[in-house]
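For reference, the structure is listed below as structure tokens.
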Amino acid sequence: KPDIAEGVVEIISAGPQTHGKERYLSKVLAPERKKVSKIEELKFQRQQKDILADLAEQKERLKLAKIESFRAKKLVMNRLGKTIELIVKLENNLYDEGKDDQKVKIRDQLETRGLEAARDHELLDLEGTPQDVVDFRRKVVPSLIFHACPECGDELDPRSARNPDDRENWSFICWECEHVFSAGLSTIIDSKLSNGGLIITSPDAPPRNPVPSKPATKTFDALNQLIREDLAKTGATADEVAKAAEESILASGLMSINDWIDQTLAAKSYIQAQEDREDFILRTGAGATKFNKWMKKAGLYFNKQTGRWTRWEDR
9 KPDIAEGVVE
19 IISAGPQTHG
29 KERYLSKVLA
39 PERKKVSKIE
49 ELKFQRQQKD
59 ILADLAEQKE
69 RLKLAKIESF
79 RAKKLVMNRL
89 GKTIELIVKL
99 ENNLYDEGKD
109 DQKVKIRDQL
119 ETRGLEAARD
129 HELLDLEGTP
139 QDVVDFRRKV
149 VPSLIFHACP
159 ECGDELDPRS
169 ARNPDDRENW
179 SFICWECEHV
189 FSAGLSTIID
199 SKLSNGGLII
209 TSPDAPPRNP
219 VPSKPATKTF
229 DALNQLIRED
239 LAKTGATADE
249 VAKAAEESIL
259 ASGLMSINDW
269 IDQTLAAKSY
279 IQAQEDREDF
289 ILRTGAGATK
299 FNKWMKKAGL
309 YFNKQTGRWT
319 RWEDR
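Per the numbering used here, the very first residue in the sequence shown carries number 9; after that it's consecutive.
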């Protein structure tokens, strides 16, 4: 063939070289490269640049949507934590209270605070019930934090009951009966350390999970397709996260108190003190004790006989 003959003549005329075989293979046997016009190349680069810019924009949208969703959840979480602490305090007061009339008031407050906690607990999609969190806070946490003296049974705070004569070990002293004892956890740890029950890992051990092989190189068309798929997926995810954050804000009941008052009055021209109180708590996120305050602040008139809040002209 003339191409092979030209290649052989060129290699022979070039003289003895180490790369002669490689030059022969690359020039003679390699397929002819397609010449891409400069305009097409610039057009492809511009399209790829636009796609990458869109992808970066969608990723930024996804990041902002996730931040907004986290911010909304954080607000609800902080509110739930404050409500849980208040319920714990109310239950402790109810347990210690001896008067029946005071117990009735505390139970009413517990009911309203329980509604607030249930609303926030449902918004965060947490497992169990708010009462589980309250019971853990009231019963389990004190037993984890405080130590009981084995002699007299007095509760000790670890921060103030450290034994000053034994700083190296985790020993406590009861200031009532002056009995020195060690925490159960420290005893278990000391026994593990002394008996050699530690877990030892070999640095030469292979990975536990199989290591995936390195992916093969892809063509420009395949990379372009992957970028487009990533762009579509990122945009859809950003839309979903933004929509979920918006729905969580709407469903969280954080609507304006004035809007809730106007909406309720437009529906039935009055606000019932007892029946609408629960809806007020769930929709606005305001505290149960602030119901009457907001009604007065809105300029509403309260009828003691009917128990309704209305506008002055509708009384």
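Where a beta carbon is used, it is the ideal one built from N, C-alpha and C, also for glycine.
How far does the alpha helix (DSSP H) with residue i in it reach, from first residue to last?
i: Arg216; result: It is not in any alpha helix (DSSP H) - Arg216 carries neither H nor E in the DSSP assignment.
i: Thr195; result: Gly192 to Asn203
i: Val96; result: Lys46 to Asp104
i: Phe144; result: No alpha helix (DSSP H) contains Phe144, which DSSP labels as neither H nor E.
i: Thr120; result: Asp108 to Leu131
i: Asn300; result: Phe299 to Lys305
Any idea if residue i is buried or exposed, counting beta-carbon neighbours within 10 angstroms, 16 or more meaning buried?
i: Arg79; result: exposed
i: Phe52; result: exposed
i: Ala64; result: exposed
i: Ile196; result: exposed
i: Val142; result: buried
i: Gln233; result: exposed
i: Gln271; result: exposed
i: Gln66; result: buried
i: Cys182; result: buried
i: Leu50; result: exposed
i: Leu308; result: buried
i: Ile92; result: buried
i: Leu70; result: buried
i: Asp267; result: exposed
i: Cys185; result: exposed
i: Glu14; result: exposed
i: Thr209; result: exposed
i: Arg291; result: buried
i: Pro138; result: buried
i: Arg216; result: exposed
i: Ala259; result: Here Ala259 scores only 48 on pLDDT, less than 50, and its place in the model should not be relied on; the value that follows carries that caveat. With fewer than 16 Cβ atoms within 10 Å of its Cβ, Ala259 is classed as exposed.
i: Arg121; result: buried
i: Ala73; result: buried
i: Ala125; result: buried
i: Cys160; result: exposed
Bridge partners of residue i, per DSSP?
i: Trp317; result: Ile279 and Phe310
i: Val2; result: As displayed, the chain neither begins before 9 nor continues past 323, which places residue 2 out of reach and without an answer.
i: Glu163; result: Ala156
i: Pro189; result: With the sequence shown as reference, residue 189 is identified as Phe, and Pro is not the correct amino acid for it. Answer by DSSP bridge pairing, in chain order: Phe180.
i: Arg397; result: With the chain covering only 9 through 323, there is no way to say anything about residue 397.
i: Arg170; result: Phe180
Go to residue i, then tell me how far its beta strand (DSSP E) extends in each direction, as first and last residue.
i: Ser179; result: Ser179 to Ile181
For residue i and residue j, which I take to be in contact (beta-carbon distance under 8 Å), what is that distance rounded to the nearest angstrom?
i: Ala281; j: Gly315; result: 5 Å
i: Leu98; j: Ile114; result: 6 Å
i: Phe310; j: Trp302; result: With a Cβ gap of about 12 Å, Phe310 and Trp302 do not count as contacting.
i: Leu132; j: Val84; result: 6 Å
i: Ile289; j: Leu123; result: 5 Å
i: Phe189; j: Ser179; result: 7 Å
i: Leu273; j: Ile279; result: 7 Å
i: Arg285; j: Phe299; result: 5 Å
i: Asp140; j: Arg87; result: Wrong, their Cβ atoms sit about 18 Å apart, outside the cutoff.
i: Lys90; j: Leu102; result: The pair is not a contact, with the Cβ atoms about 19 Å apart (cut-off 8 Å).
i: His155; j: Pro166; result: 6 Å
Run the proximity test for residue i: is its beta-carbon closer than 6 Å to any non-hydrogen atom belonging to the ligand SAM?
i: Arg127; result: What this structure holds is no ligand at all, so the ligand SAM is not there to describe.
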